[in-house]
Amino acid sequence: RRLDHTMIFVLIAGTYTPFALLVMEGTFADVILVTVWASAAGGAILNLAWWDAPKWFTSIVYVATGWVAAAAMPQLWDRIGPLGVGLLALGGALYTVGAVIYATRRPDPSPEVFGYHEIFHALVIVASALQFAVIAIYALHQG
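So for the sequence shown, my numbering puts the first residue at 32; every next one is plus one.
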């Protein structure tokens, strides 16, 4: 379970990596890449060291790590356009809503069948699919 939660940080940084390496240019891409990976490493270490941290706190750390890459949106807009950036932002928004639901354990419509945890995972699946699509369509074609 510790590794599962720690790997969320690897997913966050790994999602940004193709854009920094294949789409963006210049020192700014390197700075964002190092910042996202350093933030992910710090979050992973925190997760391993403070296993019983409150859900609200770890959710904030996940979301903050993910939105570090928002600083790259202007450059990405120029390279992949409004649709690509829009899909990335929508994925980020869904991850963020999922994190809020996970942290607050609300809504929890039917805990035995489909509760807050299942809603969280459904949002993560959709967000992951959106961001994978942007990587497949835009980043891999430019690399």
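From the three backbone atoms N, C-alpha and C, an ideal C-beta is built for every residue, glycine too.
Query                                                                                                                       : Result
Whole-angstrom distance between Ala44 and Trp68, CA atom to CA atom                                                         : 5 Å
Own chain residues within Cβ distance below 6 Å of Val99, not counting five before or after                                 : Thr66, Val67, Ser70
Chain-order list of residues whose beta-carbon lies under 8 Å from that of Pro49 (same chain, five-residue window excluded) : Ile166, Ala170, Leu171, Gly174
Check whether Ala75 and Gly122 have beta carbons under 8 Å apart                                                            : no
Neighbour-count burial assignment, Met55, 16 or more Cβ in a 10 Å radius                                                    : buried
Stretch pair the segment 137-147 + the segment 112-119: three plus CB contacts closer than 8 Å                              : no
Environment of Ala134 [buried if 16+ CB atoms lie within 10 Å]                                                              : buried
Buried/exposed call for Thr89, threshold 16 Cβ in 10 Å                                                                      : buried
Between the CA atoms of Trp82 and Gly73 - distance to the nearest angstrom                                                  : 14 Å
Whole-angstrom distance between His148 and Val131, CA atom to CA atom                                                       : 11 Å
Complete runs of the alpha helix (DSSP H) confined to the segment 51-109 [at least 4 residues]                              : 57-80, 86-98
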